[in-house]
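Written out below as structure tokens is the structure these notes cover.
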Amino acid sequence: MIDQPPSSIGPEIPPDFAGLSAAMRNAFIAFAATGDPGWPRFDTTERIRRIWTNPPGLDSDTLSTSRRIWQREPRPRSAELGRRPHTE
Numbered sequence: 001m002i003d004q005p006p007s008s009i010g011p012e013i014p015p016d017f018a019g020l021s022a023a024m025r026n027a028f029i030a031f032a033a034t035g036d037p038g039w040p041r042f043d044t045t046e047r048i049r050r051i052w053t054n055p056p057g058l059d060s061d062t063l064s065t066s067r068r069i070w071q072r073e074p075r076p077r078s079a080e081l082g083r084r085p086h087t088e
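The numbering of the sequence shown is full-length UniProt numbering, which starts it at 1 and goes up by one.
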């Protein structure tokens with residue numbers, strides 16, 4: 001049963017996770033049915049994203065420091081990885 005996962009596979013699931021599970025299911029169902037998951041579309045200006053905490057919330061660019069670090073790193077060329085570039 002999807003709504004009541006077995007607790008025998010690990011520690012007992014905290015009761016407040018049922019609400020989080022329902023929120024995730026409802027968002028994915030809404031997205032599949034309407035194309036709208038219930039939060040703003042991601043863009044590279046505001047970088048708003050859904051955070052699946054309990055209760056779910058929105059977050060704005062909290063990973064900016066990490067993103068800037070990775071942007072400074074040089075990207076390896078395909079030949080350096082030992083692979084040919086994808087050509088389709």
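Every residue gets a Cβ at the ideal spot worked out from N, C-alpha and C, and that includes glycine.
Spatially closest choice to residue i from the options, by CA coordinates
i, options, result
"P56", "G35, L20, P14, G10", "L20"
"T53", "G10, D16, P11, S64", "D16"
"M24", "P14, I13, R50", "R50"
Span of the alpha helix (DSSP H), counted from its first residue to its last, around residue i
i, result
"A69", "Here the sequence assigns Ile to residue 69, which means Ala is not the residue at that position. Note, I69: alpha helix (DSSP H), 64-72."
"T25", "A quick correction: the sequence has Arg, not Thr, at residue 25. Here the alpha helix (DSSP H) through R25 covers 17-34."
The beta strand (DSSP E) enclosing residue i, as first and last residue numbers
i, result
"I48", "48-51"
"G38", "Looking at the DSSP string, G38 is not in any beta strand (DSSP E), and its letter there is neither H nor E."
"G57", "57-60"
Integer Cβ distance of residue i from residue j, believed to fall under 8 Å
i, j, result
"A30", "G38", "6 Å"
"R47", "D61", "4 Å"
Does the region 66-74 come within contact of the region 35-45, defined as at least 3 CB pairs closer than 8 Å?
The answer is no - the region 35-45 does not touch the region 66-74, with fewer than three Cβ pairs under 8 Å.
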